[in-house]
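Undergrad:
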Amino acid sequence: MDKINEIIHNIRPLNEDVLIKAQNKLDNLTKPLESLGRLEEVAKKIAGITGKVNPSISRKVIFVFSADHGVAEEGVSAYPQEVTCQMVYNFLQGGAGINVLARHVGAKVMVVDMGVAEDLESHPDLKVKKIGYGTENITRRQAMNRDDAIKSIEAGIEVFEEEHRKASIDIVGLGDMGIANTTVSSAILAAITGKDPQEVTGRGTGINKKMWERKVGVIKKSLKMHHPDPEDPIDVLTKVGGYEIGGIAGCILAAAKSKVPVVIDGFISTVGALIAAGLSPIVKDYLIASHLSVEKGHKVALDFLNLSPLFDLNLRLGEGTGAALCISIVEAGVKILTQMATFEEAGVSKRIN
31 MDKINEIIHN
41 IRPLNEDVLI
51 KAQNKLDNLT
61 KPLESLGRLE
71 EVAKKIAGIT
81 GKVNPSISRK
91 VIFVFSADHG
101 VAEEGVSAYP
111 QEVTCQMVYN
121 FLQGGAGINV
131 LARHVGAKVM
141 VVDMGVAEDL
151 ESHPDLKVKK
161 IGYGTENITR
171 RQAMNRDDAI
181 KSIEAGIEVF
191 EEEHRKASID
201 IVGLGDMGIA
211 NTTVSSAILA
221 AITGKDPQEV
231 TGRGTGINKK
241 MWERKVGVIK
251 KSLKMHHPDP
261 EDPIDVLTKV
271 GGYEIGGIAG
281 CILAAAKSKV
291 PVVIDGFIST
301 VGALIAAGLS
311 PIVKDYLIAS
321 HLSVEKGHKV
331 ALDFLNLSPL
341 FDLNLRLGEG
351 TGAALCISIV
361 EAGVKILTQM
371 ATFEEAGVSK
381 RIN
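According to the numbering used here, the stretch in the sequence shown is residues 31 to 383, in order.
1. Between L340 and S320, which are expected to be in contact by the criterion C-beta below 8 Å, what is the C-beta distance as a whole number of angstroms?
2. From P154 to A185, what does the alpha carbon distance come to, in whole angstroms?
3. Using only CA atoms, which one of T372, D315, F373 and L337 lies nearest to E46?
4. Rounded C-beta distance between G100 and S182? I'm assuming under 8 Å.
5. Per DSSP, what are the beta-bridge partners of S96 in this structure?
6. So what's K138 in DSSP terms, helix, strand or just coil?
7. For V202 and A285, which I take to be in contact (beta-carbon distance under 8 Å), what is that distance rounded to the nearest angstrom?
8. Measure the beta-carbon distance from G271 to A179 and round it to whole angstroms, keeping in mind my assumption that it falls under 8 Å.
9. According to the neighbour-count rule (16 or more other Cβ atoms, all chains shown, within 10 Å of its Cβ), is Q116 buried or exposed?
10. Am I right that K287 and N40 are in contact with their C-beta atoms under 8 Å? What's the rounded C-beta distance?
11. State yes or no: is the C-beta of G296 within less than 8 Å of the C-beta of L345?
12. Nearest to I312 by CA position, among I38, S338 and S96, is which residue?
13. Do A102 and V146 have their C-beta atoms closer together than 8 Å?
14. Could you give the distance in angstroms between the alpha-carbon of L367 and the alpha-carbon of S86?
15. Counting only the same chain and skipping the five closest in sequence on each side, list residues whose C-beta sits under 8 Å from that of G162.
16. Is it true that the CB of F121 sits closer than 8 Å to the CB of L204?
17. Taking the straight line between their C-alpha atoms, what separation do you get for V246 and L156?
18. Relative to the alpha-carbon of H134, which residue among V378, A353 and R381 has its alpha-carbon at the smallest distance?
19. Where does the unbroken alpha helix (DSSP H) through L253 begin, and where does it stop?
20. If distances are taken between C-alpha atoms only, which option among K329, K75 and M255 comes closest to R170?
21. Cβ of I50 within 8 Å of Cβ of P291?
22. Can you name, in chain order, every residue of its own chain whose Cβ lies under 6 Å from the Cβ of K251, other than the five neighbours on each side?
23. Let me check understanding here. Comparing Cα to Cα, which of I264, E261, D265 and I305 lies closest to I282?
24. What would DSSP say about G372, mapped onto helix, strand or coil?
25. Where does K314 fall in DSSP's three states?
26. Would you identify the three-state DSSP class for K269, choosing helix, strand or coil?
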């Protein structure tokens, strides 16, 4: 835990002085007060995170954390487990939804193998941080041991730090890939919030009612068997989690420590944020919720984190697709803050009162 504790110790609250200055600047731009709504809100937040009244979003990186799950054996997904590996290769070849949207917003996609069930061929856009070849089936055994849960968080920290050292990252997007990972995410969410699994379990890849009922039963059984401690996020991750969820949590912690804003995608990355926030509540201020997923538990997770998504397009793909679209919105807000003229600069009269 030394590495994790060091990161947590160095995460600081947002810069209040810069938040005030950014708000003053926004209020003096050539527009009615708050007329650009959440674009102004997000611009101010980026200023507070970075500590810069005139922040810049140039280098955008989306990390797609990938892993397999033993619980896939229980028939909780519409797709077989080998799709995880196949989709990772699709990401690396540039053919997936996340690749299209990342190119659209000018973001780099890095795929992280946290625990794919097969060995992957090397690729410049692939980081191998494999903790194991998929987790255990949580209906029979806990997902992983505590040491591996810690290693998964540490691996997520390393992923961010390695890429950040190459060239400073201005904004991070977080995505995921892993057949059956909505099952373990629902289990984590139920464990942390105390909600009934039926309230937080959705249709994932588009399963039918019978499969959904089986999925809920699997989650209930695993929670009853393992008794994850809601006050200990690492215990929850250990007992019912996934390697990629630990990686997402670690990446969030490292980005917050480096004062880099983090855009979370859908359900799985938001559950990763729950783990990170359980370790360091301050990180919630570094998070930007991209969208509201169709996945049932996503709103529950966002509400628990006190985050409001920027849009709702009925997305449920994952991969970081919502995060990619959101990065474009965030960048637009920042450009309003940094490029729009003030009343004084434009020679425009200010409002009378």
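Virtual Cβ for every residue (Gly too), placed ideally from N, Cα, C.
TA: Considering the structure as presented:
1. In the sequence shown, residue 340 corresponds to position 310, counting from 1. In the sequence shown, residue 320 corresponds to position 290, counting from 1. So it is a contact: roughly 6 Å between Cβ atoms.
2. What you label residue 154 is simply residue 124 of the sequence shown in a count that begins at 1. What you label residue 185 is simply residue 155 of the sequence shown in a count that begins at 1. Those two C-alpha atoms are separated by around 18 Å.
3. As a position in the sequence shown, residue 46 is number 16, starting the count at 1. The residue with the shortest Cα to Cα distance from E46 is D315.
4. The residue given as residue 100 occupies position 70 in the sequence shown. The residue given as residue 182 occupies position 152 in the sequence shown. Cβ atoms of G100 and S182 stay farther apart than 8 Å, at about 15 Å.
5. Here residue 96 refers to the residue found at position 66 when the sequence shown is read from its first residue. Beta-bridge pairing links S96 to D143 and M207.
6. Numbered from 1 along the sequence shown, position 108 holds the residue referred to as residue 138. Looking at K138 - three-state DSSP - the assignment turns out to be strand.
7. By one-based count along the sequence shown, residue 202 stands at place 172. By one-based count along the sequence shown, residue 285 stands at place 255. Rounded, the Cβ-Cβ distance is 5 Å, consistent with contact.
8. On the sequence shown, residue 271 is found 241 positions in, with the first residue counted as 1. On the sequence shown, residue 179 is found 149 positions in, with the first residue counted as 1. That pair is a contact at about 7 Å.
9. Along the sequence shown, read from residue 1 onward, the residue named residue 116 stands at position 86. Exposed, since its Cβ has fewer than 16 Cβ neighbours within 10 Å.
10. Counting from one through the sequence shown, the residue named residue 287 turns up at place 257. Counting from one through the sequence shown, the residue named residue 40 turns up at place 10. About 5 Å separates the two Cβ atoms, so the contact holds.
11. Counting from 1 along the sequence shown, the entry for residue 296 is found at position 266. Counting from 1 along the sequence shown, the entry for residue 345 is found at position 315. Yes; because the gap between Cβ atoms is below 8 Å, this pair is in contact.
12. Position 282 of the sequence shown, counting from 1, holds the residue named residue 312. I312 has its Cα closest to that of I38, out of I38, S338 and S96.
13. Within the sequence shown, numbered from 1, the residue matching residue 102 stands at position 72. Within the sequence shown, numbered from 1, the residue matching residue 146 stands at position 116. A distance of 8 Å or more separates the beta carbons of A102 and V146.
14. Locating residue 367 in the sequence shown gives position 337, where the first residue counts as 1. Locating residue 86 in the sequence shown gives position 56, where the first residue counts as 1. Going from the Cα of L367 to the Cα of S86 covers about 10 Å.
15. For the purposes of this step, residue 162 is taken as the residue at position 132 of the sequence shown. If we look at G162 and ignore the five residues flanking it on each side, its Cβ neighbours are G145, M174, D178 and Y273.
16. Along the sequence shown, read from residue 1 onward, the residue named residue 204 stands at position 174. Along the sequence shown, read from residue 1 onward, the residue named residue 121 stands at position 91. Result no, Cβ atoms of L204 and F121 do not sit closer than 8 Å.
17. By 1-based counting over the sequence shown, the position of residue 246 is 216. By 1-based counting over the sequence shown, the position of residue 156 is 126. When rounded, the distance between both Cα atoms is 33 Å.
18. Residue 134 sits at position 104 when you count from the first residue of the sequence shown. Of the candidates V378, A353 and R381, the one whose C-alpha sits nearest the C-alpha of H134 is A353.
19. Residue 253 sits at position 223 when you count from the first residue of the sequence shown. Here the alpha helix (DSSP H) through L253 covers K239 to H256.
20. By one-based count along the sequence shown, residue 170 stands at place 140. Of the candidates K329, K75 and M255, the one whose C-alpha sits nearest the C-alpha of R170 is M255.
21. The residue you call residue 50 lines up with position 20 of the sequence shown. The residue you call residue 291 lines up with position 261 of the sequence shown. The answer is no: Cβ separation not under 8 Å.
22. Translated into positions along the sequence shown, residue 251 becomes position 221. Only T169 meet the Cβ criterion.
23. Walking along the sequence shown from the start, residue 282 turns up at place 252. Nearest option by C-alpha distance: I305.
24. Here the question's residue 372 lines up with position 342 in the sequence shown. Reading off the sequence shown, one finds Thr at residue 372, where the question assumed Gly. T372 falls in the strand class under three-state DSSP.
25. Working through the sequence shown from its first residue, we reach residue 314 at position 284. K314 falls in the helix class under three-state DSSP.
26. Here residue 269 refers to the residue found at position 239 of the sequence shown. DSSP places K269 in helix when its eight states are reduced to three.
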